[in-house]
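Residue numbers (the numbering used here), protein chains in the order written: chain A, 373 to 678; chain V, 725 to 1009; chain B, 288 to 545.
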Amino acid sequence: MSATLSESIDRLDAAAESRLDSLLESPGDVGILDEHAKRELRRAILTAVCVPGYQVPFGSREMPVARGWGSGGLQITLALVGADDVVKVIDQGDDEGVNAVNLRRLVTETTGATETTEVDEATVVQTRHRIPEDELDEHQTLVLQVPVPEPLRGVERNIAELGRMHAEADYSRMWVSLYEDKVRNGVITKSTGYPCLVGGRYVIATTPIPRWDVPRLHHAPFLSLFGAGRERKIYAIPPDTDVEPLTFDDVPFEVERTAGARCALCGATEAYLIEVPPSVGGAEDGRWICSDTSWCRRRRATDGDA
Amino acid sequence: MIGASPMRPTVLRVEQLGKIFGSQDPAAVAQTGPDAGSEKSPDGSSVVAAWDVSFDVASGEAFGVIGESGSGKSTVMRAIAGDHSASAGSVWMQRRDGSTSDLLTMSPSERRALRVDELAVVYQDAAEGLDLNVTAGGNIADRLTAAGCRHFGQIRERAAELLERTEVPLDRMDDLVRTFSGGMRQRVQLARALANRPPIVLFDEPTTGLDASVAAGVLDLIRSLLEELGIAAVVVSHDFAVIEMLTSRCMVMQHGRVVEQGLTDQLFEDPQAPYTQRLVAAARA
Amino acid sequence: MNSQQQDAQPRPPVLSVRGLRKHFVLHNVDGRNVNGLNGVDLDVSAGEHVALAGSSGAGKSTLLKCIYRTYLPSAGTATLRSPTGEVELTALADAELAGIRGRQFGYVSQFLRAEPRRGALDIVARAGVARGMDRAVATEAAAVSLRRLNVDESLWDVFASVLSGGEKQRVNLAAGTISPPQLLLLDEPVSALDPANREAALELISDLTSHGVAVLAVFHDLDAMARLASRVEVMRDGRIVESGPPGEVLHHLEGVAR
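Okay, here's the thing in structure tokens:
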């Protein structure tokens, strides 16, 4: 009996040691999420892909970044990437934003993935509030950090009622808010996070991405995953899905455009431009520059070659 | 049948509707009602708010339910509206597609869908039928968009048309309903209720709480609308004048039961039940 | 006179009342029983004006109200006939009765019952629309009728609630007689009118019968009966006690009817 018992204990010890060894060899696994957490996240992601636009609840983990600082997007990225992946992270279009740099370092150091600032090299692009100007393809995944996943938050606070409204596709109050916006202001002023109907069924908040990016979600070839860490929700837009901004038939949806605006750095007019004080970014001769910094940089490099 | 009869199809039929609050003990039914002098069971565990209530309404007809508070009239209205469930009976409704459905067996979401364009309710408290923090036009837009309208110009046009019809000054169309007087709120509520031309409208004490002169105006308006639109209406009120002006047939409720049903003028001029006679005498005094 | 009356086969009466009884049970006055009608038989044909005479309390208004079902008859029948069929009014379901009221047979009381905040022209025109008239035609006919009854044109769009008693009564008569149904029950329709307006009203009522409407009426004065009635039915204690042409019946009623 005792011999058997001690043999068992030895076996268990050996198993534990070998597991520890393997964990130490694969720093990603000891890093931030264990395999169990990843599996749970992947299940939530799969559900989200199966029901486009539906907000899937998940058990949001504590992250080394505060909730509200990209913890939702980070968890999705960590559940997706392995050592073979190439990751790009942008913050408002900028690869060099402090938040982007920190998240990128965190992902690559704990998963073994490599980093890039070039869209065409990336397998996963994690972003806060922009879609890169370059077209992503069907092999790439866009991960969006979402502060407020509930598009109806502005018209209803009650959680149960929100659930009912989505369940019954009862979006009339959202329409009323658009109606009132238009009545009060002559136009629909809602700028970022414009509500969209996904797959003809669920209305989503398009995170605070600018209107400029909204039409690019419609029938996009790539998969978009939205993660809200604080609100513990994941939702998705699978490739080739209808994404229609909510607007009236006689009030066309329009993207941001300022007459005559062009990037002070690369001269682009067909890109999302942001207004900056004259001295920033070397844009002394103008008040607009591209929001997507790597895209802008590449354009300048190409122009230089030409 | 005489000539080309003006009889129109029955669109709402309430059959043996019952609602018991608290313990659902069927014994409570026999222990309550006008004979028992109360809608509460002796042990206090059940309130038989309404029992064995049956009536029908044709399109173009207004049916009244009159009674004192606690008589069960509002319970009947709310059970038909789907604001609360019923304990017994059926509420058959002629649908737009010609089929017939029992509202009481519908899921909450089906009933809500019904409220978009087939069955509207005008409440005593405008806050129940309106979003006070939205404009008059927005409250109408809510119903129109719920029915699928996505054309801003058409929504504006239809909202203006409805507000004009319910005598709300058009320059108030874009004001928050919160800033409206009680009478004006009821008019907006009417406009909203009629937005999608529902064949059935329920009115729950539509003028109670308004100043007499304001109430008279709203009553006038409701009567014209009923005349013009050919809708089937159920009007619930404790006020004889309201029932008399709006309905051609009605019933009297007391302690959760129907004590008498008939032509409205007959009920007021030749009441049969002792309770109705008392009620009429008190109203005439 | 109506040309149909010359047909070999006379048409059956528009209204036939048989054995009509009404008793009231006053539950709140010791359950007391009060007899209103004690078995009334009566016919009214198209183009006939039948006047009910008798002292107050004899049952004249009770009879009209029982036929119209404002009172629930206790026993007996009241049959309404039209070229296409007949209905038993005392047995008709409430909803069906409500459906033919005003359209197949009308009741004109001495009081105007209308929305207080509606104008006279609108009230009368709506009554026409309710009987199937086109709105424009009804408005035109309403104007003709109001003019005929000397209702001042400046009052046509004033809320009816502010009109005088006489004006209201004339508006009520105009509304009750526009595009008239085949049977009209008139309950003291000119009681509040001064002589000139009363004259115009009586002429309008006289025209009804010459256009084939069957009229059953209660007037408080014998002069109106003498002028309008083709037959007078005298009531006492809820029964008809005498019947005949006004010339034969009315002379020994002097002093009784008032």
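We treat Cβ as the ideally placed atom computed from N, Cα and C, and that holds for glycine. Quick caveat, the model's predicted, so the values are computed rather than measured.
Measure the alpha-carbon distance for residue i versus residue j and round it to whole angstroms.
| i | j | result |
| --- | --- | --- |
| ALA428 (chain B) | PHE398 (chain B) | 21 Å |
| ARG588 (chain A) | THR613 (chain A) | 11 Å |
| ALA362 (chain B) | ASP328 (chain B) | 12 Å |
| VAL479 (chain A) | ALA633 (chain A) | 36 Å |
| ALA420 (chain A) | GLU792 (chain V) | 54 Å |
| GLY454 (chain A) | SER378 (chain A) | 39 Å |
| ASP899 (chain V) | VAL312 (chain B) | 56 Å |
| SER451 (chain B) | PHE392 (chain B) | 27 Å |
| LEU324 (chain B) | ASP330 (chain B) | 16 Å |
| VAL738 (chain V) | THR371 (chain B) | 32 Å |
| ARG880 (chain V) | GLY445 (chain A) | 41 Å |
| ILE404 (chain A) | ARG477 (chain A) | 13 Å |
| ARG981 (chain V) | ALA577 (chain A) | 51 Å |
| SER432 (chain A) | LEU854 (chain V) | 38 Å |
| ALA870 (chain V) | ASP585 (chain A) | 28 Å |
| GLY1015 (chain V) | VAL559 (chain A) | The structure shown does not extend to residue 1015 (chain V), since chain V is modelled only from 725 to 1009, so the question has no answer here. |
| SER303 (chain B) | ASP895 (chain V) | 58 Å |
| ILE465 (chain B) | ARG1008 (chain V) | 31 Å |
| GLU852 (chain V) | GLU993 (chain V) | 35 Å |
Taking only beta-carbon atoms, is residue i less than 8 Å away from chain E?
| i | result |
| --- | --- |
| VAL912 (chain V) | Although the question refers to chain E, the structure presented lacks it and instead comprises the protein chains A, V and B. |
For residue i versus residue j, is the C-beta distance shorter than 8 Å?
| i | j | result |
| --- | --- | --- |
| ALA425 (chain B) | ALA412 (chain B) | yes |
| GLU505 (chain A) | TRP667 (chain A) | yes |
| VAL575 (chain A) | PRO523 (chain A) | yes |
| SER798 (chain V) | VAL960 (chain V) | yes |
| ASP509 (chain A) | PHE594 (chain A) | yes |
| GLY861 (chain V) | ALA883 (chain V) | yes |
| VAL901 (chain V) | THR859 (chain V) | yes |
| GLY471 (chain B) | TRP443 (chain B) | Residue identity check: residue 471 (chain B) is Leu in the sequence provided, not Gly. It is not a contact, given that the beta carbons lie outside the stated cut-off. |
| LEU436 (chain B) | ALA487 (chain B) | yes |
| ARG418 (chain B) | GLY386 (chain B) | no |
| VAL497 (chain A) | LEU475 (chain A) | no |
| VAL519 (chain B) | ALA345 (chain B) | no |
| VAL781 (chain V) | LEU736 (chain V) | yes |
| VAL912 (chain V) | PRO930 (chain V) | no |
| GLY453 (chain B) | ASP481 (chain B) | yes |
| ASN253 (chain B) | ARG1002 (chain V) | For residue 253 (chain B) there is no data in the structure shown, the boundaries of chain B being 288 and 545. |
Mind pulling the chain V residues with CB within less than 8 Å of residue i?
| i | result |
| --- | --- |
| LYS554 (chain A) | PHE876 |
| LYS352 (chain B) | GLU993, ASP994 |
| SER705 (chain A) | There is no way to answer for residue 705 (chain A), as the model of chain A reaches only from 373 to 678. |
For residue i, count the other beta carbons within 10 Å of its own beta carbon; 16 or more makes it buried, fewer makes it exposed. Which is it?
| i | result |
| --- | --- |
| ASN863 (chain V) | buried |
| GLU535 (chain B) | exposed |
| SER770 (chain V) | buried |
| VAL431 (chain B) | exposed |
| ILE462 (chain A) | buried |
| CYS353 (chain B) | buried |
| PRO521 (chain A) | buried |
| ASP457 (chain A) | buried |
| THR971 (chain V) | buried |
| PRO467 (chain B) | buried |
Taking residue i as the query, report the chain V residues whose CB atoms sit under 9 Å from its CB, ordered along the chain.
| i | result |
| --- | --- |
| ASN315 (chain B) | PRO998, GLN1001, ARG1002, ALA1005 |
Which residues in chain V sit within 7 Å of residue i, going by Cβ to Cβ distance?
| i | result |
| --- | --- |
| LEU384 (chain B) | LEU987 |
| GLU540 (chain A) | SER833, ARG836 |
| ASP381 (chain B) | ARG973, GLY986, LEU987 |
| ARG569 (chain B) | This structure cannot speak to residue 569 (chain B), because chain B is shown only from 288 to 545. |
Give the single residue among the options whose Cα lies nearest to the Cα of residue i.
| i | options | result |
| --- | --- | --- |
| ALA812 (chain V) | V:THR859, V:ILE744, V:ALA760, V:ASP821 | V:ILE744 |
| ILE448 (chain A) | A:TRP547, A:VAL520, A:HIS538, A:LYS605 | A:LYS605 |
| ALA919 (chain V) | V:ASP841, V:SER795, V:ALA860 | V:ASP841 |
| ARG298 (chain B) | B:ALA333, B:GLY306, B:ASN322 | B:ALA333 |
| TYR644 (chain A) | A:ARG573, A:ILE560, A:ASP664 | A:ASP664 |
| GLU481 (chain A) | A:VAL459, A:ALA631, A:HIS538 | A:VAL459 |
| LEU370 (chain A) | A:LEU413, A:PRO436, A:GLY465, A:GLN464 | One cannot answer for residue 370 (chain A) here, as it falls past the ends of chain A, which runs 373 to 678. |
| THR364 (chain B) | B:ALA414, B:LYS347, B:GLY326 | B:GLY326 |
At a CB-CB cut-off below 8 Å, which residues of chain A make contact with residue i?
| i | result |
| --- | --- |
| THR859 (chain V) | GLU552, VAL555 |
Report the neighbours of residue i on chain A: residues whose CB is nearer than 9 Å to its CB, in chain order.
| i | result |
| --- | --- |
| ASP807 (chain V) | Result: empty, since nearest Cβ-Cβ is about 15 Å, beyond 9 Å. |
Using a Cβ cut-off of 8 Å, pull out every chain B residue sitting near residue i, in sequence order please.
| i | result |
| --- | --- |
| ASP944 (chain V) | GLU402, PRO403, ARG404, ARG405 |
Kindly list, in the order they appear in chain B, the residues whose Cβ is closer than 9 Å to that of residue i.
| i | result |
| --- | --- |
| GLU951 (chain V) | ARG413, VAL416, ALA417 |
I'd like to confirm something about residue i: is its beta-carbon nearer than 7 Å to some heavy atom of the ligand PLP, or not?
| i | result |
| --- | --- |
| SER778 (chain V) | This structure lacks the ligand PLP; in fact it carries no ligand of any kind. |
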